[in-house]
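Shown next, in structure tokens, is the structure this report addresses.
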Amino acid sequence: MLTQHLRLEGEFDLFKIARATQGFVGADLKALVDKAGNLAMKRIIDKRRIHYRREHDGNSKHDWWRQPWDESEVEGLHITMDDFEEATKMVQPSLRREGFSSVPDVTWDDVGGLDSLRKEFDRCIIRCIKNPEDYEVFGVNMQAGFLLFGPPGCGKTLIAKAVAHEAGANFIHIKGPELLNKYVGESESEVRKIFTRARTNSPCILFFDEVDALTTKRGKEGGWVVERLLNQLLIELDGADQRQGVYVIGATNRIDVIDDAVLRPGRFGKKHYVPLPGAHERVSILKAHARSKPISTDVHLDALARRAECNNLTGADLASLVNEAAMAALEERLEFIENGTSSMGSSCLIKLSHFERALSKIKPSVSEQQIKYYEALSKRYSSN
Numbered sequence: 000m001l002t003q004h005l006r007l008e009g010e011f012d013l014f015k016i017a018r019a020t021q022g023f024v025g026a027d028l029k030a031l032v033d034k035a036g037n038l039a040m041k042r043i044i045d046k047r048r049i050h051y052r053r054e055h056d057g058n059s060k061h062d063w064w065r066q067p068w069d070e071s072e073v074e075g076l077h078i079t080m081d082d083f084e085e086a087t088k089m090v091q092p093s094l095r096r097e098g099f100s101s102v103p104d105v106t107w108d109d110v111g112g113l114d115s116l117r118k119e120f121d122r123c124i125i126r127c128i129k130n131p132e133d134y135e136v137f138g139v140n141m142q143a144g145f146l147l148f149g150p151p152g153c154g155k156t157l158i159a160k161a162v163a164h165e166a167g168a169n170f171i172h173i174k175g176p177e178l179l180n181k182y183v184g185e186s187e188s189e190v191r192k193i194f195t196r197a198r199t200n201s202p203c204i205l206f207f208d209e210v211d212a213l214t215t216k217r218g219k220e221g222g223w224v225v226e227r228l229l230n231q232l233l234i235e236l237d238g239a240d241q242r243q244g245v246y247v248i249g250a251t252n253r254i255d256v257i258d259d260a261v262l263r264p265g266r267f268g269k270k271h272y273v274p275l276p277g278a279h280e281r282v283s284i285l286k287a288h289a290r291s292k293p294i295s296t297d298v299h300l301d302a303l304a305r306r307a308e309c310n311n312l313t314g315a316d317l318a319s320l321v322n323e324a325a326m327a328a329l330e331e332r333l334e335f336i337e338n339g340t341s342s343m344g345s346s347c348l349i350k351l352s353h354f355e356r357a358l359s360k361i362k363p364s365v366s367e368q369q370i371k372y373y374e375a376l377s378k379r380y381s382s383n
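In structure tokens, the structure reads:
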């Protein structure tokens, strides 16, 4: 409707534009059409100005803009696909301007390891978003929810963001406790709004962090507020037909307190354990966090990750290790400057000695007893 009176090029593909503007409301689409028209006018006028200047030996004072348009020029006036594709980069959906959703800039390189889990998400979400027609042909429904569980600090949130990034999908991050509201009906209403916005922004990854806060077993501590919210969440999860293009991922450190109804197939039925990183994963995580830092050549992250002191460190612990080493290098540098010592005395590099100091401070945030507890939960719940 917005383009019916516009002069569009012959090979214009409205369906391609529609696929590239998911999450746009009516006002956003009108802004897109206006922007494409403005870009087309600028392109046409710039072309005409260059043409007239060439004809008049580059005379910039020539009043080319006063010259009438001949018939051949008028025939060439149209908005192209390139104009619209450029406009989509410049017009941001209003819901995204409100800060509600965006495509994360986290990649699998930032996560480090977890190849089997990466393949599962690639099969069940990423390819489905990138090739929806193929999944429809075979009647494959990938709307079941995923639940990531395991020790804290092992990258569950990073995984969800990396999935959204790889799929080019919007990402909505909901922290479970923030939805709890003592006023009657407020929490349930908020859940409905979240799913509505996710559908508007599809394809969208809807990520519930600390999902156990919303899904505590009924009859346990938490009372009627949690129970009403849980019932509304189950209604939304069961409505797979109404949430096409919305993929739900949850994360929890306490899968054992989640109501069994939430873990059934079709809801958070795909349960994946996210363990502590092994030696190979620790190398990837250290490299990801050290990527933007001035690391000295005497630091070999592969060897560092395999040291006994790094055993049982979570991804968050490893991030703290790199940051602590950077702080040690910075403090050493500032001390040299404050003492008036030559700047040659301390370079702007993070050395092995700084990592040694950091290792003496950073201890595993997950105890041996907790590791055994989570491994037992893995055997009981995991779909891996």
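When you line the sequence shown up against numbering that gives the first Met the number 0, it's residues 0 to 383, in that order. In this text, a Cβ means the ideal position worked out from N, Cα and C, and glycines have one as well. Since we're looking at a predicted model, the values are computed, not measured.
For residue i, three-class secondary structure by DSSP
i	result
Asp12	coil
Cys203	strand
Ile125	helix
Asp259	helix
Phe145	strand
Leu7	strand
Gly25	helix
Ile254	helix
Ile361	coil
Lys371	helix
Glu185	helix
Exposed unless 16 or more other CB atoms sit within 10 angstroms - verdict on residue i
i	result
Pro293	exposed
Arg306	exposed
Cys422	This structure leaves residue 422 out entirely; the chain is present only between 0 and 383.
Gly154	buried
His288	buried
Leu76	exposed
Gly98	With a pLDDT of 46 at Gly98, under the threshold of 50, the predicted position of this residue should be treated as unreliable, though the coordinate-derived value follows. Under this definition Gly98 is an exposed residue.
Arg196	buried
Thr296	exposed
His164	buried
Lys29	exposed
Lys371	exposed
Phe145	buried
Gln241	exposed
Lys385	The requested residue 385 is not part of the displayed model; the chain covers only 0 to 383.
Ala17	exposed
His299	exposed
Where the alpha helix (DSSP H) through residue i begins and ends
i	result
Thr87	80-89
Val210	Per DSSP, Val210 belongs to no alpha helix (DSSP H) and is neither H nor E.
Val110	107-110
Ser115	114-120
Asp396	Any question about residue 396 goes unanswered here, given that the chain covers just 0 to 383.
Whether residue i touches residue j by CB criterion (9 Å)
i	j	result
Asn385	Gly149	The structure shown does not extend to residue 385, since the chain is modelled only from 0 to 383, so the question has no answer here.
Gly393	Ser364	The requested residue 393 does not occur in the structure, where the chain is confined to residues 0 to 383.
Val282	Asp301	yes
Leu31	Ala86	yes
Lys160	Val247	no
Ala134	Pro274	Position check: residue 134 holds Tyr in this sequence, whereas Ala was assumed. Taking 9 Å as the Cβ cut-off, Tyr134 and Pro274 do not qualify as a contacting pair.
Ala324	Arg356	yes
Val24	Pro103	no
Leu376	Ile254	yes
Segment limits, beta strand (DSSP E) that includes residue i
i	result
Ile248	245-251
Near the ligand COA: residue i beta-carbon under 8 Å from a heavy atom
i	result
Lys192	Of ligands this structure carries none, so the ligand COA is not represented either.
Where in the segment 148-183 do unbroken runs of the alpha helix (DSSP H), each at least 4 residues long, occur, reported from the N-terminal end onward? Fully enclosed alpha helix (DSSP H) runs of 4 or longer: 155-166, 175-178.
Entirely within the segment 265-316 and at least 3 residues each: give me those beta strand (DSSP E) ranges in chain order. Along the length of the segment 265-316, whole beta strand (DSSP E) runs at least 3 residues long occupy 269-272, reported in chain order.
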